[in-house]
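S.K.: In the working numbering, the protein residues as written are 1 to 205.
One structure, pasted below without further comment.
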C-alpha cells in the first residue's frame, strides 16, 4: 500500500522556495538527490489494465527497469492510498507478463491482460528533486519536487510519501502546512490520470 500526499505547485518561484526550505510543518528537511526519470505507461489494446482499476508503469532509472501496477482512485483530497505491486525486469526481458519474475505484479498482469500484448500509452519524463523529512530521530517521509513533462506540457508537482516510520498524523500535519502556509492546492489525480487529461487537452478532446 502506497500512502502519500500530492499537491500542484503553481509556479517556478514557489517550486524554488520549496527546494530551498529548511523545515516543513516544524520538521527538518534533509538535503537529498536529483534524478532524471523516464516512465512509459503500458496497457493492452483494449485498455484492460485501466478498466481493471490499475495503471501500469515501466520506469527506467539508474540502468534498471522497474514495472509497477498502481491502483487508481483512493484519493481523499491530497492524500492518496493505493495498492501497489512491482517487479524488476531483467535486462532484455520482454513485456509479455509470462516472462516476468514470479510475484504479485506478474499474477495481476496475467489476470487482467490474459494473452493480450502490452503497448505504450504515453511517455512521461520528470526531473525529481528528493529530500527526506525528519521529525526528531525519525525519518518519516520522502518529499519529491517534480518537474514533469507530458507531450509538450510541463507542470510542477510535490509528493510526500510516508516511510515505514511515518504515520497518518504526520502526513496530515504536513498536508495542513502545505495548504495553509504554502497555499498549495491538493492534487487528487495520479500522474497517470493527470497525464491522460493533459494529453486530451493537447489533442483538443
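Glycine included, each C-beta is placed from N, C-alpha and C at the ideal position.
1) In this structure, does DSSP put residue 83 in helix, strand or coil?
2) In angstroms with no decimal places, state the Cα-to-Cα distance between residue 10 and residue 117.
3) Would DSSP call residue 75 helix, strand or coil?
4) Could you give the distance in angstroms between the alpha-carbon of residue 112 and the alpha-carbon of residue 41?
5) Please look up how many angstroms separate the CB atoms of residue 174 and residue 5, rounded, as I've assumed it's under 8 Å.
6) With C-beta atoms as the reference, is residue 43 less than 8 Å away from residue 56?
7) Whole angstroms are fine: how far does the CA of residue 84 sit from the CA of residue 157?
8) To test your reading of the DSSP string, which unbroken alpha helix (DSSP H) runs of 4 or more residues are found completely within the region 35 to 121?
9) Quick check on DSSP: helix, strand or coil for residue 12?
10) Beta-carbon within less than 8 Å of residue 13's beta-carbon, same chain only, minus the 5 sequence neighbours each way: which residues are those?
11) Could you give the residue range of the alpha helix (DSSP H) that holds residue 138?
12) Give the secondary structure of residue 6 by DSSP, where H, G and I count as helix, E and B as strand, and everything else as coil.
13) If we count Cβ pairs, one from each stretch, closer than 8 Å, do we get three or more for the region 18 to 38 versus the region 120 to 140?
M.R.: According to the data block:
1) coil
2) Taking the straight line from one Cα to the other gives about 38 Å.
3) Collapsing the DSSP output to three states places residue 75 in a strand.
4) 15 Å
5) Indeed, because the Cβ distance is near 7 Å, the residues count as touching under 8 Å.
6) yes
7) 20 Å
8) 48 to 51 and 104 to 113
9) helix
10) none
11) For residue 138, no alpha helix (DSSP H) run applies; the uninterrupted beta strand (DSSP E) run containing it begins and ends at 138 to 150, by DSSP.
12) strand
13) yes
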